[in-house]
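*Asks:* I'd like to ask you about the structure that follows.
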Amino acid sequence: MAKRIEDFTVTGNHRLTKDIFLLQIASSDKLPPLLPGQFIQVRVDDSPSTFLRRPFSIHDVDYEKNSIKILVQIAGKGTGKLSTLKEGERINIIYPLGNSFTQPDTGEKILLVGGGCGIAPLLFLAKDLRSRGFAPEILLGFRNSERLIEYDEYAAVGPVYVTTEDGSRGEKGFVTNHS
1130 MAKRIEDFTV TGNHRLTKDI FLLQIASSDK LPPLLPGQFI QVRVDDSPST
1180 FLRRPFSIHD VDYEKNSIKI LVQIAGKGTG KLSTLKEGER INIIYPLGNS
1230 FTQPDTGEKI LLVGGGCGIA PLLFLAKDLR SRGFAPEILL GFRNSERLIE
1280 YDEYAAVGPV YVTTEDGSRG EKGFVTNHS
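Heads up: the sequence shown is residues 1130 to 1308, going by the working numbering.
This is how it looks when you write it as structure tokens:
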């Protein structure tokens, strides 16, 4: 699959927590086939200290709107700048990059596990699996209930189990220790 370098238009930038945003971008062209597990690299303009592109997992895709969603956690100047983008602004990305997840055999039980912003590629994967007849179960982990993101989107695809380190939502503990 050939990579593309293209300008996208910001169609939404929504704060999910104090430092995590859901950025939706749209192409004026038809999107190529994208695979769960692939990522994009975003150029951050007007920021001399951020000359390197920032990689982001593809969180979700809407082929009818030619749009891609990514989760952005503010970790420095580059991601801070991305969190301030307004609807209608343009950003340049390279995509699709990377490989997809290994595809399961028919009839296999599927459990998708992720924590924090590491859940980003799992929504696209869960939707893809569901469209192919699988019934994925989803296990999401967060520090606390205030950091819980995208629950309803995952719940629309399959059963969701939640862990929080402080026990404020779901089972107490780390996602890797879920019973």
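Every residue gets a Cβ at the ideal spot worked out from N, C-alpha and C, and that includes glycine.
What first and last residue would you give for the beta strand (DSSP E) that runs through Ser-1260?
*Replies:* Careful: Ser-1260 lies outside any beta strand (DSSP E), inside the alpha helix (DSSP H) at 1249-1260.
*Asks:* Name the residue from Lys-1147, Ser-1274 and Ile-1169 whose alpha carbon lies nearest to the alpha carbon of Gln-1153.
*Replies:* Ile-1169
*Asks:* Classify Ile-1220 as buried or exposed, calling it buried when 16 or more other Cβ atoms lie within 10 Å of its own Cβ.
*Replies:* Burial call: buried.
*Asks:* Return the chain-ordered list of same chain residues with a C-beta closer than 6 Å to the C-beta of Leu-1145, the five sequence neighbours on each side being excluded.
*Replies:* Leu-1151 and Ile-1278
*Asks:* Quick check on DSSP: helix, strand or coil for Asn-1306?
*Replies:* helix
*Asks:* Going by the CB atoms, is the gap between Ser-1260 and Ser-1297 shorter than 8 Å?
*Replies:* Taking 8 Å as the Cβ cut-off, Ser-1297 and Ser-1260 do not qualify as a contacting pair.
*Asks:* Straight-line CA distance for Pro-1202 to Gly-1227?
*Replies:* The sequence shown places Gln at residue 1202, not Pro. About 20 Å.
*Asks:* Classify Arg-1276 as helix, strand or coil using the three-state DSSP reduction.
*Replies:* helix
*Asks:* Counting along the chain, where does the beta strand (DSSP E) carrying Thr-1292 start and finish?
*Replies:* 1289-1293
*Asks:* Classify Gly-1122 as buried or exposed, calling it buried when 16 or more other Cβ atoms lie within 10 Å of its own Cβ.
*Replies:* No answer is possible for residue 1122: the residues shown for the chain start at 1130 and end at 1308.
*Asks:* Specify the secondary structure class of Gly-1205 as computed by DSSP and reduced to three states.
*Replies:* coil
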